[in-house]
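Here the structure is laid out as C-alpha coordinates; the discussion comes afterwards.
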Amino acid sequence: MLFTWKKIWVWISIEDTRWVKKLPIQYWFPRTDHTFFDRATLEQDSWAIDTILDATNSQITKKWSEWTIGWQVYPNWIWFFLKALLWNVVSEWNNWIYEHTFSLIESNTHPTLTIGTNTPLWWNSYSLAMIESMDLRAEVWWKFTVSINLKAREWENSETHTITYQDENWFVANMLKVYIANNIQQLDNAWNICLQSITISFKKEIKNIECISSLNPIDYINTAFSIEWSMELLYENNTYKEDFLNWTSKALRIIAEDTLHPYTENEYPSFILDLSKIIITDWTPAFTIDDITKQSITFKGHYDVKSKKAVEIVLKNTQESY
(Lines of atoms letter the chains of each structure in order from A; the text may use other names.)
(Lines give C-alpha, C1' and ligand atoms only; values in the text may rest on other atoms or scores of the structure.)
Protein backbone atom coordinates (compact mmCIF):
# COMPACT_ATOMS: atom_id res chain seq x y z
CA MET A 12 0.00 0.00 0.00
CA LEU A 13 1.37 3.39 -1.03
CA PHE A 14 0.81 6.41 1.20
CA THR A 15 2.17 9.91 1.81
CA TRP A 16 3.95 11.17 4.92
CA LYS A 17 0.74 12.95 5.94
CA LYS A 18 -0.73 9.53 6.72
CA ILE A 19 1.72 8.96 9.58
CA TRP A 20 0.41 9.82 13.05
CA VAL A 21 2.75 10.34 16.00
CA TRP A 22 1.87 10.09 19.70
CA ILE A 23 3.73 10.39 22.96
CA SER A 24 3.55 9.44 26.66
CA ILE A 25 5.90 9.95 29.60
CA GLU A 26 6.95 6.59 31.05
CA ASP A 27 6.24 5.71 34.66
CA THR A 28 8.79 2.88 34.49
CA ARG A 29 11.82 3.26 32.24
CA TRP A 30 11.56 1.37 28.91
CA VAL A 31 8.09 0.04 29.80
CA LYS A 32 5.61 1.27 27.19
CA LYS A 33 3.25 3.87 28.67
CA LEU A 34 -0.47 3.64 27.90
CA PRO A 35 -2.95 5.23 27.59
CA ILE A 36 -1.59 7.68 25.05
CA GLN A 37 -1.18 11.16 26.55
CA TYR A 38 -0.87 13.30 23.41
CA TRP A 39 -1.32 13.08 19.63
CA PHE A 40 0.74 15.54 17.60
CA PRO A 41 -1.44 17.62 15.26
CA ARG A 42 1.39 18.35 12.80
CA THR A 43 5.00 17.22 12.78
CA ASP A 44 8.04 17.18 10.55
CA HIS A 45 9.64 13.98 11.71
CA THR A 46 11.99 11.20 10.72
CA PHE A 47 12.59 7.93 12.51
CA PHE A 48 15.11 5.22 11.74
CA ASP A 49 15.39 1.67 12.99
CA ARG A 50 19.12 1.08 13.39
CA ALA A 51 21.19 -2.08 13.68
CA THR A 52 24.88 -2.95 13.89
CA LEU A 53 26.01 -5.96 11.87
CA GLU A 54 29.28 -7.78 12.44
CA GLN A 55 30.84 -9.69 9.54
CA ASP A 56 32.58 -13.03 9.58
CA SER A 57 35.36 -13.83 7.14
CA TRP A 58 36.69 -17.36 6.86
CA ALA A 59 39.94 -18.54 5.38
CA ILE A 60 38.27 -20.52 2.62
CA ASP A 61 38.58 -20.64 -1.12
CA THR A 62 37.30 -17.13 -1.94
CA ILE A 63 38.59 -13.59 -2.05
CA LEU A 64 35.27 -12.12 -0.87
CA ASP A 65 35.60 -10.22 2.41
CA ALA A 66 32.59 -11.77 4.21
CA THR A 67 30.95 -15.16 4.52
CA ASN A 68 28.25 -14.28 7.06
CA SER A 69 26.86 -11.37 9.14
CA GLN A 70 24.92 -11.17 12.38
CA ILE A 71 23.14 -8.35 14.18
CA THR A 72 24.82 -7.39 17.46
CA LYS A 73 22.90 -4.23 18.41
CA LYS A 74 19.52 -2.60 17.73
CA TRP A 75 18.14 0.85 18.54
CA SER A 76 16.16 3.70 16.96
CA GLU A 77 16.79 7.38 16.27
CA TRP A 78 14.20 10.14 16.01
CA THR A 79 13.97 13.73 14.87
CA ILE A 80 10.72 15.55 15.62
CA GLY A 81 10.13 19.16 14.62
CA TRP A 82 7.22 21.56 14.40
CA GLN A 83 5.98 24.90 15.73
CA VAL A 84 5.71 25.45 19.49
CA TYR A 85 2.23 24.86 20.91
CA PRO A 86 1.54 25.93 24.52
CA ASN A 87 0.12 22.56 25.64
CA TRP A 88 2.14 19.79 23.99
CA ILE A 89 5.59 21.37 24.49
CA TRP A 90 5.12 20.43 28.18
CA PHE A 91 6.06 16.80 27.46
CA PHE A 92 9.43 17.64 25.98
CA LEU A 93 10.25 20.29 28.58
CA LYS A 94 9.57 17.62 31.21
CA ALA A 95 11.81 15.14 29.40
CA LEU A 96 14.49 17.80 28.92
CA LEU A 97 14.64 19.30 32.43
CA TRP A 98 12.52 16.96 34.62
CA ASN A 99 11.70 19.31 37.53
CA VAL A 100 8.26 20.91 37.14
CA VAL A 101 5.94 22.71 39.59
CA SER A 102 2.38 23.38 38.38
CA GLU A 103 0.11 26.00 39.97
CA TRP A 104 -3.37 27.37 39.32
CA ASN A 105 -3.01 31.13 38.79
CA ASN A 106 -5.68 33.57 37.54
CA TRP A 107 -7.70 30.95 35.64
CA ILE A 108 -4.69 29.40 33.95
CA TYR A 109 -2.09 26.80 34.85
CA GLU A 110 1.48 27.93 35.33
CA HIS A 111 4.14 25.22 34.92
CA THR A 112 7.68 26.10 36.05
CA PHE A 113 10.51 23.86 34.79
CA SER A 114 14.07 23.70 36.09
CA LEU A 115 17.01 21.38 35.51
CA ILE A 116 17.36 18.45 37.88
CA GLU A 117 20.93 17.61 38.90
CA SER A 118 20.64 13.94 38.03
CA ASN A 119 22.14 11.60 35.44
CA THR A 120 18.83 9.77 35.05
CA HIS A 121 16.31 11.90 33.17
CA PRO A 122 12.71 11.02 32.20
CA THR A 123 12.04 8.72 29.28
CA LEU A 124 9.20 8.72 26.76
CA THR A 125 7.23 6.24 24.73
CA ILE A 126 6.74 7.42 21.16
CA GLY A 127 4.34 5.75 18.76
CA THR A 128 3.76 5.80 15.02
CA ASN A 129 0.58 4.80 13.22
CA THR A 130 0.45 4.36 9.45
CA PRO A 131 -1.64 2.42 6.94
CA LEU A 132 1.04 -0.32 7.19
CA TRP A 133 1.92 -0.54 10.91
CA TRP A 134 1.20 0.49 14.49
CA ASN A 135 4.51 0.67 16.35
CA SER A 136 5.82 2.04 19.63
CA TYR A 137 9.33 2.91 20.81
CA SER A 138 10.11 2.91 24.52
CA LEU A 139 13.01 4.41 26.50
CA ALA A 140 13.11 7.48 24.25
CA MET A 141 15.49 10.10 25.65
CA ILE A 142 16.21 13.57 24.32
CA GLU A 143 19.71 14.12 22.95
CA SER A 144 19.16 17.70 21.84
CA MET A 145 16.45 20.34 21.54
CA ASP A 146 16.69 23.49 19.39
CA LEU A 147 14.23 26.37 19.69
CA ARG A 148 14.34 28.82 16.79
CA ALA A 149 12.64 31.97 15.53
CA GLU A 150 13.39 34.26 12.61
CA VAL A 151 11.79 37.30 11.00
CA TRP A 152 8.41 36.61 9.31
CA TRP A 153 8.37 33.00 10.47
CA LYS A 154 7.22 30.71 13.28
CA PHE A 155 8.60 29.86 16.71
CA THR A 156 9.76 26.28 16.08
CA VAL A 157 11.39 23.38 17.86
CA SER A 158 13.50 20.46 16.63
CA ILE A 159 14.22 17.49 18.90
CA ASN A 160 16.60 14.55 18.47
CA LEU A 161 16.00 11.39 20.51
CA LYS A 162 17.34 7.88 20.98
CA ALA A 163 15.08 4.94 21.85
CA ARG A 164 14.89 1.16 21.91
CA GLU A 165 13.90 -0.76 18.80
CA TRP A 166 10.27 -0.80 17.70
CA GLU A 167 7.62 -3.15 18.98
CA ASN A 168 4.12 -3.80 17.71
CA SER A 169 1.41 -1.64 19.22
CA GLU A 170 -2.33 -2.10 19.41
CA THR A 171 -4.61 0.20 17.40
CA HIS A 172 -5.79 3.42 19.03
CA THR A 173 -8.44 6.06 18.55
CA ILE A 174 -6.75 9.20 17.26
CA THR A 175 -7.77 12.43 19.02
CA TYR A 176 -6.33 15.92 18.67
CA GLN A 177 -6.37 19.07 20.76
CA ASP A 178 -7.37 22.31 19.06
CA GLU A 179 -4.69 24.78 20.10
CA ASN A 180 -2.92 27.75 18.56
CA TRP A 181 0.82 28.09 18.12
CA PHE A 182 3.40 30.81 18.55
CA VAL A 183 4.87 32.81 15.68
CA ALA A 184 8.10 34.80 15.74
CA ASN A 185 6.48 38.22 16.11
CA MET A 186 5.05 37.10 19.47
CA LEU A 187 8.59 36.87 20.90
CA LYS A 188 10.48 39.44 22.93
CA VAL A 189 14.11 39.04 23.98
CA TYR A 190 15.83 40.78 26.87
CA ILE A 191 19.46 40.83 28.01
CA ALA A 192 20.66 42.36 31.28
CA ASN A 193 23.72 42.28 33.52
CA ASN A 194 22.07 39.78 35.87
CA ILE A 195 18.81 37.91 36.38
CA GLN A 196 17.43 40.56 38.77
CA GLN A 197 17.69 43.32 36.13
CA LEU A 198 15.76 41.47 33.40
CA ASP A 199 12.41 42.92 34.52
CA ASN A 200 13.64 46.39 33.54
CA ALA A 201 15.52 45.44 30.36
CA TRP A 202 14.62 46.57 26.82
CA ASN A 203 13.36 44.27 24.07
CA ILE A 204 16.13 43.66 21.51
CA CYS A 205 15.49 43.90 17.76
CA LEU A 206 16.72 40.60 16.31
CA GLN A 207 16.68 38.94 12.90
CA SER A 208 16.91 35.40 14.27
CA ILE A 209 17.54 33.44 17.46
CA THR A 210 18.39 29.81 18.28
CA ILE A 211 18.52 28.21 21.74
CA SER A 212 20.20 24.78 21.83
CA PHE A 213 20.06 22.28 24.69
CA LYS A 214 22.26 19.20 24.46
CA LYS A 215 22.71 16.10 26.60
CA GLU A 216 25.69 13.76 26.56
CA ILE A 217 23.88 10.43 26.33
CA LYS A 218 25.70 7.21 27.21
CA ASN A 219 24.31 3.75 26.49
CA ILE A 220 23.98 1.25 29.32
CA GLU A 221 24.38 -2.19 27.76
CA CYS A 222 24.52 -5.86 28.75
CA ILE A 223 26.07 -8.78 26.88
CA SER A 224 22.75 -10.62 26.81
CA SER A 225 20.73 -7.79 25.24
CA LEU A 226 20.51 -6.53 21.67
CA ASN A 227 19.07 -3.22 22.91
CA PRO A 228 20.54 -0.69 25.33
CA ILE A 229 18.89 -1.31 28.70
CA ASP A 230 19.08 2.37 29.63
CA TYR A 231 20.36 5.78 28.55
CA ILE A 232 22.23 7.96 31.07
CA ASN A 233 22.80 11.69 30.74
CA THR A 234 26.39 12.55 31.76
CA ALA A 235 26.37 16.28 30.94
CA PHE A 236 24.01 19.10 29.95
CA SER A 237 24.89 22.15 27.87
CA ILE A 238 23.11 25.29 26.66
CA GLU A 239 24.03 27.55 23.74
CA TRP A 240 22.28 30.65 22.47
CA SER A 241 22.91 32.40 19.14
CA MET A 242 21.36 35.47 17.57
CA GLU A 243 21.69 37.71 14.54
CA LEU A 244 21.03 41.45 14.73
CA LEU A 245 21.99 44.73 13.13
CA TYR A 246 25.50 46.05 13.82
CA GLU A 247 24.64 49.47 15.28
CA ASN A 248 27.17 49.74 18.11
CA ASN A 249 30.08 47.90 19.75
CA THR A 250 28.24 46.68 22.86
CA TYR A 251 28.46 42.96 22.08
CA LYS A 252 31.96 43.22 20.65
CA GLU A 253 33.14 44.78 23.93
CA ASP A 254 31.24 42.20 26.00
CA PHE A 255 32.95 39.47 23.98
CA LEU A 256 36.46 40.89 24.35
CA ASN A 257 35.94 41.59 28.07
CA TRP A 258 34.33 38.20 28.81
CA THR A 259 31.32 39.93 30.38
CA SER A 260 28.54 37.72 31.77
CA LYS A 261 24.86 38.53 31.14
CA ALA A 262 21.39 37.12 31.80
CA LEU A 263 18.79 36.37 29.14
CA ARG A 264 15.00 36.19 28.96
CA ILE A 265 12.71 35.17 26.09
CA ILE A 266 8.98 35.77 26.35
CA ALA A 267 6.50 34.36 23.81
CA GLU A 268 2.92 35.57 24.38
CA ASP A 269 -0.06 34.83 22.14
CA THR A 270 -2.12 37.98 22.80
CA LEU A 271 -4.44 37.11 19.89
CA HIS A 272 -5.96 34.22 21.86
CA PRO A 273 -6.20 35.35 25.50
CA TYR A 274 -7.33 33.05 28.31
CA THR A 275 -8.51 35.99 30.38
CA GLU A 276 -8.23 39.76 30.10
CA ASN A 277 -4.60 39.75 31.24
CA GLU A 278 -3.46 36.15 30.78
CA TYR A 279 -2.27 34.60 27.52
CA PRO A 280 -0.67 31.40 26.27
CA SER A 281 2.95 32.04 27.27
CA PHE A 282 6.43 30.56 27.07
CA ILE A 283 9.07 32.30 29.23
CA LEU A 284 12.70 31.17 29.27
CA ASP A 285 15.39 32.54 31.61
CA LEU A 286 19.11 31.83 31.38
CA SER A 287 20.75 33.02 34.57
CA LYS A 288 24.29 33.44 33.25
CA ILE A 289 25.51 33.61 29.65
CA ILE A 290 28.92 34.58 28.25
CA ILE A 291 29.71 35.38 24.61
CA THR A 292 31.92 32.74 22.99
CA ASP A 293 31.91 34.12 19.44
CA TRP A 294 31.22 37.52 17.86
CA THR A 295 31.26 37.80 14.06
CA PRO A 296 30.35 40.90 12.03
CA ALA A 297 29.02 40.51 8.48
CA PHE A 298 30.28 43.12 6.02
CA THR A 299 28.32 42.86 2.78
CA ILE A 300 28.71 45.60 0.19
CA ASP A 301 25.05 45.97 -0.77
CA ASP A 302 23.40 44.96 2.49
CA ILE A 303 22.96 46.36 6.00
CA THR A 304 25.83 45.39 8.28
CA LYS A 305 24.87 42.71 10.79
CA GLN A 306 26.50 40.77 13.61
CA SER A 307 26.15 37.16 14.74
CA ILE A 308 26.70 36.33 18.39
CA THR A 309 26.96 33.00 20.21
CA PHE A 310 26.56 32.67 23.97
CA LYS A 311 27.34 29.78 26.30
CA GLY A 312 24.96 29.07 29.16
CA HIS A 313 26.62 28.79 32.58
CA TYR A 314 25.55 27.72 36.05
CA ASP A 315 25.04 30.81 38.22
CA VAL A 316 26.42 30.05 41.67
CA LYS A 317 24.60 33.04 43.20
CA SER A 318 21.08 32.06 42.15
CA LYS A 319 21.99 28.34 41.97
CA LYS A 320 20.27 28.19 38.57
CA ALA A 321 21.17 27.79 34.93
CA VAL A 322 17.81 27.66 33.16
CA GLU A 323 14.15 28.12 34.12
CA ILE A 324 11.15 27.89 31.80
CA VAL A 325 7.59 28.96 32.65
CA LEU A 326 4.75 27.63 30.50
CA LYS A 327 1.25 29.11 30.85
CA ASN A 328 -1.62 27.10 29.37
CA THR A 329 -5.00 25.50 30.13
CA GLN A 330 -3.70 21.99 30.82
CA GLU A 331 -4.20 21.02 34.47
CA SER A 332 -2.32 17.73 34.38
CA TYR A 333 -0.64 15.40 31.93
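Heads up: take any position in the sequence shown, counting from 1, add 11, and you land on this note's numbering. Using N, Cα and C, we set each Cβ at its ideal position, and we do this for glycine too.
Practice problem: State buried or exposed for H111, treating a residue as buried only when at least 16 other CB atoms are found within 10 Å of its CB. | Solution: buried
Quiz prompt | Selection from F155, L226 and I324 that minimises the alpha carbon distance to Q207 | solution = F155
Quiz item: CB W1 to CB Y38, shorter than 8 angstroms?
Solution: An answer regarding residue 1 cannot be provided, because it is not within the stretch 12 to 333 covered by the chain.
Self-check item: DSSP state of I308 mapped onto helix, strand, coil
Solution: strand
Quiz item: Since K288 sits in a beta bridge, which residues does DSSP pair it with?
Solution: H313
Practice problem: Please confirm whether K10 and D27 have their CB atoms less than 8 angstroms apart. | Solution: Here the chain comprises residues numbered 12 to 333, so residue 10 is not present and cannot be evaluated.
Quiz item: Would S24 pass as a contact of T175 if the rule is Cβ separation under 8 angstroms?
Solution: Cβ distance not < 8 angstroms, so S24 and T175 don't count as in contact.
Quiz item: CA-CA distance, K215 and A235?
Solution: 6 angstroms
Exercise. Report the option in W294, F113 and T123 whose CA atom is closest to the CA atom of K305.
Key: W294
Practice problem: Give the C-beta separation of Y85 and W181 to the nearest angstrom, bearing in mind that I take them to be a contact with Cβ-Cβ under 8 angstroms. | Solution: 5 angstroms
Quiz item: What's the C-alpha gap between K74 and S136?
Solution: 15 angstroms
Self-check item: G312 versus L286 - alpha carbon distance
Solution: 7 angstroms
Quiz item: Ordered along the chain, which non-local residues of its own chain (more than five positions away) have a Cβ less than 6 angstroms from that of P297?
Solution: Here residue 297 is Ala; the residue named in the question, Pro, does not match the sequence. Cβ neighbours of A297 beyond the five flanking positions: K305.
Quiz prompt | Own chain residues within Cβ distance below 7 angstroms of D199, not counting five before or after | solution = none
Practice problem: Look up W240 in the DSSP assignment and say whether it is helix, strand or coil. | Solution: Strand at W240.
Quiz item: In terms of residues, what are the limits of the alpha helix (DSSP H) holding Y251?
Solution: T250 to L256
Quiz prompt | A95, enclosing alpha helix (DSSP H) - first and last residue | solution = I89 to L97
Practice problem: Could you tell me whether the segment 89 to 98 touches the segment 53 to 64, using the rule of 3 or more Cβ pairs below 8 angstroms? | Solution: Output reads no: the segment 53 to 64 does not touch the segment 89 to 98.
Self-check item: Where the beta strand (DSSP E) containing T72 begins and where it ends
Solution: N68 to Q83
Self-check item: Contact set for F335: own chain, Cβ-Cβ below 8 angstroms, skip 5 residues either direction
Solution: Given a span of 12 to 333 for the chain in the structure shown, any question on residue 335 remains unanswerable.
Quiz item: If you compare alpha carbons, which of A140, S57 and D315 is closest to P228?
Solution: A140
Quiz item: Closest to I211 by CA distance: which of Q55, F310, L256 and W152 is it?
Solution: F310
Self-check item: Secondary structure of M141, DSSP reduced to three states
Solution: In the structure shown, M141 sits in a strand (DSSP, three-state: E or B).
Practice problem: Answer yes or no: do A201 and I191 have a C-beta to C-beta separation smaller than 8 angstroms? | Solution: yes
Practice problem: Report all residues from its chain with a CB closer than 8 angstroms to the CB of I220; omit the five preceding and five following residues, and keep chain order. | Solution: P228, I229, D230, Y231 and I232
Self-check item: Cutoff 7 angstroms; reference S57; Cβ partners in own chain excluding five residues on either side
Solution: Apart from the 5 residues on each side of it in sequence, S57 sits with its Cβ closer than 7 angstroms to the Cβ of D65, A66 and T67 in its chain, given in chain order.
Quiz item: Where W90 and S69 are concerned, what is the direct C-alpha to C-alpha distance, given to the nearest angstrom?
Solution: Spanning the two alpha carbons is a distance of roughly 43 angstroms.
Quiz item: Nearest-angstrom Cα distance between N119 and D315?
Solution: Rounded to whole angstroms, N119 to D315 spans 20 angstroms at the Cα level.
Quiz item: By the 10 Å Cβ neighbour count, where 16 or more other Cβ atoms means buried, how is D269 classified, buried or exposed?
Solution: buried
Self-check item: Residues that DSSP places opposite Y231 in a beta bridge
Solution: For Y231, which the question treats as bridged, DSSP gives the partners N219.
Quiz prompt | Other residues of its chain near E71: CB distance less than 6 angstroms, five sequence neighbours each side excluded | solution = The question names Glu, but residue 71 is Ile in the sequence shown. In its chain, beyond the 5 residues on either side, A51 and L53 have a beta carbon closer than 6 angstroms to the beta carbon of I71.
Quiz item: When the distance is taken between beta carbons, is N277 closer than 8 angstroms to I108?
Solution: no
Quiz prompt | Close Cβ partners of E165 (< 7 angstroms) along its chain, the five nearest in sequence each way excluded | solution = D49, K74, W75, S76 and N227
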